[in-house]
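Since the structure comes first, as structure tokens, the remarks are kept for the end.
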Amino acid sequence: MSPSTPPSIAPVMSLGGRPAGSRREIKIIDTTLRDAHQSLWATRMRTDHIVSVANDFDKAGFEQIDLMAPIQFDVAVRYLKEDPWERVRLAHEHAPNTKFRALIRSKNIASFDFLADDVIEAWVENLYANGFRVIGSFDGLNDIDNIAPGLLRAKEPGRVHFRGGLFLREPGAHRRALRCQGPGADREG
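Letter 28 of the sequence shown, counting from 1, is numbered 27 in numbering that gives the first Met the number 0, and no numbers are missing.
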């Protein structure tokens, strides 16, 4: 191979993927069931739509799938007249091998008011009771103290994997990433 010819991955791919002994993996967290309809349809995807594709998502083998954030709960009740907890249970039933992720919006859940820590803790308990084993959290003010109550409750029994948020600020050329390194975060992102 000449110095000007870039190396090819063809030999590796022809052998079935990564080189032997390689530990690098790409794990995908799919956001379709949470973010796609939130962005495109004002969060109006119905439970029967989610259930109809849940088995296909289960077979795809994603690392995790974002299923619900607080706004999905709000819209399910307010506009779709559906039980959001039933949606969650049915999704888990139809995709038993999938780790679904729920997001927590700091101390607000689905409002713009700060809620008491015991309300946030009860929310986390309900997420766990309905099958979520991965919880993500973010705070619009980049205040880790606002994330801590939910995180600590989720981690207390050691049963839930927590993913802290990745926050961006100073848009443009001087963009900096601020990483959520709150108490007990298992992973960022």
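Note that the Cβ used here is the ideal one computed from N, Cα and C, for glycine as well.
Treat the numbers as computed from the prediction; the structure is a model and nothing was measured.
{"Query": "DSSP three-state assignment for residue 27, whether helix, strand or coil", "Result": "coil"}
{"Query": "Own chain, CB closer than 7 Å to residue 189, minus 5 neighbours either side, in chain order", "Result": "Shown here, the chain extends from 0 to 188; a query on residue 189 therefore has no answer."}
{"Query": "Own chain partners of residue 72 with C-beta closer than 7 Å, once the 5 adjacent residues on each side are dropped", "Result": "83, 109"}
{"Query": "Coil, strand or helix - residue 114 by DSSP", "Result": "coil"}
{"Query": "Straight-line Cα distance separating residue 26 from residue 61", "Result": "7 Å"}
{"Query": "Backbone CA spacing between residue 89 and residue 50 [nearest angstrom]", "Result": "7 Å"}
{"Query": "Separation of residue 138 from residue 113, as counted between CA atoms", "Result": "11 Å"}
{"Query": "Neighbourhood of residue 93 by C-beta, 8 Å cutoff - its chain only, sequence neighbours within 5 removed", "Result": "50, 53, 54, 57"}
{"Query": "CB-CB length for residue 198 against residue 79, believed under 8 Å", "Result": "Since the first and last residues shown for the chain are 0 and 188, residue 198 lies out of range."}
{"Query": "Unbroken stretches of the beta strand (DSSP E), 3 residues or longer, contained in the segment 58-137", "Result": "63-67, 99-104, 133-137"}
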